[in-house]
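Before any comments, here is the structure.
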Amino acid sequence: MKKIAIIGSGAYGSYAASLIGDLHPDWGIHIYEVGGKEIKNQDEIGLWSELLSNPYDALTKGRYFGFGGATAKWGGQILTFSKNDFANPSNFLKEIIALNEKYRQNIFRKVGIENNYPEKRIANGLFTKTGVWLDYFSRNLFKKFKVEKYPNIHLHPHCRVIKINTKEKNVVSFDYLENGEKKNADGYDFYVLSAGAFETTRLMMVSGLQDHTCVGFSDHIAKKVFRIFDTTKIGDVDMQFKIKKASFITTRLIGEKNGCSFFAYPSFNAEFPFFQNLKKLLFGKKFSFKIIGAIIRDIPSCMAFAWSFFVKHKLYVYKNAWFLVLHMENDLGYGKVYLSKHLDKFNQQGLAIDFSIPEHSERSFNEISNELEQMLKDNHIRYTRVTEKIHTEKFEDEYHPFALYSDFKSVDDYFNTFNNMLVIHSGVLPRAGGINSTSAAFPLIEEFFRERYK
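Per the numbering used here, the sequence shown starts with residue 46, numbered consecutively.
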């Protein structure tokens, strides 16, 4: 029987724990998590981060801790890469794509929804990709995968891991704080480091396993560009969400420009009072009689929403108007992670982030917007442009950090970095492509524990 230590219980820790639990019910799996059953943001949990330049909301809006981590708050979009995603992928990325295609059905089976929709090539070098947006009650993957129910999984809540101790390529132990007391965990056969992209990077830096001075990264940048009226179709592509097992089946348009991927994606019901108040109750946990009253007053629209959802199995589109949002990879070289001089409540160094959007990325973004506008004109779609000029300070981050830990020649090179530890987070991906990229790294866990470490 082997003993496995998993540090962090977000998307990747939960996936790894449940997969290992299924494959090896006789192995002992121990999960160390800084939080507990209640999901908390970085301020509530006591971690520290700061911005050195432009806004980068992923640090505050994208980091959550506790069993399930950010999956309890994120949109829950499940998408994977295919050969259509990149024009000139590196060898490492090519092999990741191959693993995405190999294990794609495993991932969708694991979340309980089939996705057999083919990708379709359309005009202007674009293609469509269908994803699954998990329903509200299925987004916490720790709960979705029933991690706590495995008899061979042991939980260690409120344990802040502060240092990974190594000897050459072997992890020998790790130090952690529990109730203010410093402890050491050793005697494990294998370690999975899955504490989230930024916290894992911070931990690797303080442990001397990544550059101690600076680690580069990038992310998607996004902005609403068009408000569209009267139809949910762009040409032959219907962007309206379908409903399957209470989850949304989504469609996006993906392309690539100047070596950066982008995708155009709908935002429905942003101005629908019922929908917005319902989100405040579900996501913001903001219960008030005022919100309940507003929902009741909007009963007619609520009934239309319910009819569309439960009978037509489509998402209701308020006033048949919606926004088209453009997302694009920011170019590499303009995101940097440093160790902060400030200490968090655990007396550990926090993070300092420098993130900027260069002029050439802004130009690419505007060029893509113009090309999408021409597509709308060619298809005789009524629309208004949300903003004529998009400035860097008005972009909104999408919280898919990539290229934090991706300088590998191959998947073998990545797997063999350590003899007895797998480091896994979205930053392992050298590109985020035109998708919400979290699920694109799941196949690395699948391949490793099905084929490499048995």
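Even glycine gets a Cβ: it sits at the ideal position worked out from N, Cα and C. Just so it is clear, the structure is predicted and the values come from calculations on it, not from any experiment.
What's the gap between the Cα of residue i and the Cα of residue j?
| i | j | result |
| --- | --- | --- |
| Val-228 | Val-206 | According to the sequence provided, residue 228 is Lys. The question's Val does not apply to it. Taking the straight line joining both Cα atoms gives about 9 Å. |
| Thr-125 | Asn-145 | 6 Å |
| Tyr-181 | Lys-212 | 43 Å |
| Lys-454 | Thr-429 | 45 Å |
| Phe-460 | Leu-467 | 7 Å |
| Lys-268 | Ser-406 | 13 Å |
| Gly-479 | Phe-131 | 9 Å |
| Trp-367 | Ile-167 | 22 Å |
| Ile-288 | Asp-220 | 46 Å |
| Gln-393 | Phe-494 | 32 Å |
| Ser-218 | Arg-342 | 58 Å |
| Tyr-77 | Ser-54 | 8 Å |
| Gly-73 | Lys-208 | 22 Å |
| Ile-51 | Val-282 | 42 Å |
| Pro-488 | Lys-335 | 45 Å |
| Glu-226 | Phe-410 | 50 Å |
| Phe-153 | Lys-128 | 18 Å |
| Leu-248 | Leu-186 | 23 Å |
| Leu-369 | Ala-309 | 6 Å |
| Lys-357 | Val-156 | 23 Å |
| Gly-66 | Asn-169 | 45 Å |
| Lys-290 | Ser-312 | 21 Å |
| Ser-451 | Asn-133 | 16 Å |
| Trp-352 | Thr-277 | 18 Å |
| Cys-347 | Lys-499 | 52 Å |
Using 8 Å for Cβ pairs, my map puts residue i next to residue j. What's the rounded Cβ distance?
| i | j | result |
| --- | --- | --- |
| Leu-500 | Leu-171 | The structure shown does not extend to residue 500, since the chain is modelled only from 46 to 499, so the question has no answer here. |
| Leu-474 | Ser-482 | 6 Å |
| Phe-110 | Leu-222 | Actually they are not in contact, since the Cβ atoms of Phe-110 and Leu-222 sit about 14 Å apart, beyond 8 Å. |
| Leu-417 | Val-270 | 7 Å |
| Glu-496 | Leu-64 | About 12 Å; that fails the 8 Å criterion. |
| Thr-245 | Leu-238 | 6 Å |
| Asp-376 | Pro-345 | That pair is no contact at about 47 Å. |
| Thr-296 | Thr-173 | 6 Å |
| His-265 | Ala-486 | Rounded, the Cβ-Cβ distance is 15 Å, inconsistent with contact. |
Return the chain-ordered list of same chain residues with a C-beta closer than 6 Å to the C-beta of residue i, the five sequence neighbours on each side being excluded.
| i | result |
| --- | --- |
| Phe-293 | Trp-178 and Phe-286 |
| Phe-317 | Tyr-363 |
| Tyr-162 | Thr-175 |
| Gly-280 | Asn-424 |
| Tyr-236 | Ala-50, Val-216 and Met-466 |
| Asp-71 | Met-46 |
| Leu-200 | Ile-76 |
| Asp-234 | Lys-47 and Lys-48 |
| Gly-300 | Gly-170, Leu-171 and Phe-307 |
| Tyr-148 | Pro-488 and Glu-491 |
| Asp-231 | Ser-218 |
| Gln-255 | Met-249 |
On the DSSP bridge assignment, give the partners of residue i in chain order.
| i | result |
| --- | --- |
| Asp-389 | Paired residue(s): none; Asp-389 is not in a bridge. |
| Ser-312 | Phe-368 |
| Ser-218 | Asn-210 and Asp-231 |
| Lys-85 | Phe-110 |
| Tyr-77 | Ile-52 and His-201 |
| Ile-398 | Leu-96 and Val-382 |
| Phe-172 | Arg-166 and Ile-299 |
| Asp-283 | Lys-278 |
| Cys-347 | Looking at the DSSP assignment, Cys-347 forms no beta bridge with any residue, so it has no partner. |
| Met-250 | In DSSP, Met-250 forms no bridge with anything. |
| His-265 | Glu-374 |
| Lys-454 | Answer is none; Lys-454 lacks a bridge partner. |
| Glu-193 | Partner(s): none; Glu-193 has no beta bridge. |
| Lys-359 | Lys-287 |
Short of 7 Å in beta carbon distance, which residues of its chain neighbour residue i, apart from the five on each side in sequence? Order them along the chain.
| i | result |
| --- | --- |
| Ala-242 | Pro-446, Leu-449, His-470, Ser-471 and Gly-472 |
| Ile-413 | Lys-302, Phe-307, Leu-371 and Met-373 |
| Arg-184 | Thr-116, Ala-117, Trp-119 and Gly-121 |
| Arg-108 | Asn-86, Gln-87, Ala-115, Gly-241 and Phe-243 |
| Arg-427 | Phe-274 and Asp-275 |
| Lys-188 | Gly-113 |
| Ile-337 | none |
| Ala-349 | Tyr-361 |
| Val-135 | The residue asked about is misnamed: residue 135 is Ser in this sequence, not Val. Correct list, in chain order: Pro-475. |
| Gly-253 | none |
| Ala-103 | Asp-264, Asp-442, Tyr-444 and Pro-446 |
Looking at residue i and the ligand SAM, is the gap between the Cβ and the nearest heavy atom below 6 Å?
| i | result |
| --- | --- |
| His-358 | Absence of the ligand SAM from the depicted structure is noted, as is the absence of any ligand whatsoever, leaving it without description. |
Could you name the residues of the same chain whose beta carbon sits closer than 8 Å to that of residue i, not counting the 5 residues immediately before and after it, in chain order?
| i | result |
| --- | --- |
| Asn-215 | Phe-463, Asn-464 and Asn-465 |
| Ile-224 | For clarity, residue 224 is Asn in the given sequence; the question names Ile instead. Cβ neighbours of Asn-224 beyond the five flanking positions: His-203. |
| Leu-388 | Trp-93, Gln-394 and Gly-395 |
| Cys-305 | Met-373, Glu-374, Asn-375, Asp-376, Ser-406 and Ser-409 |
Determine, for residue i, whether the minimum Cβ-Cβ distance to residues of chain B falls below 7 Å.
| i | result |
| --- | --- |
| Arg-342 | Going by chain labels, chain B is absent from the structure shown, which holds only one protein chain. |
Checklist line | Segment contact, 8 Å Cβ cut-off, at least three pairs: the region 51–63 with the region 183–203 | finding: These segments touch.
Notebook entry, point to check: Between the region 129–147 and the region 68–81, are three or more C-beta pairs nearer than 8 Å?
Noted result: Contact fails: fewer than three Cβ-Cβ distances are below 8 Å.
Notebook entry, point to check: Does the region 397–406 come close enough to the region 89–105 that 3 or more CB-CB pairs lie under 8 Å?
Noted result: Under the three-pair Cβ rule at 8 Å, the region 89–105 counts as touching the region 397–406.
Check: Are the region 255–274 and the region 373–389 touching by the rule of at least three beta carbon pairs closer than 8 Å?
Finding: The region 255–274 is in contact with the region 373–389.
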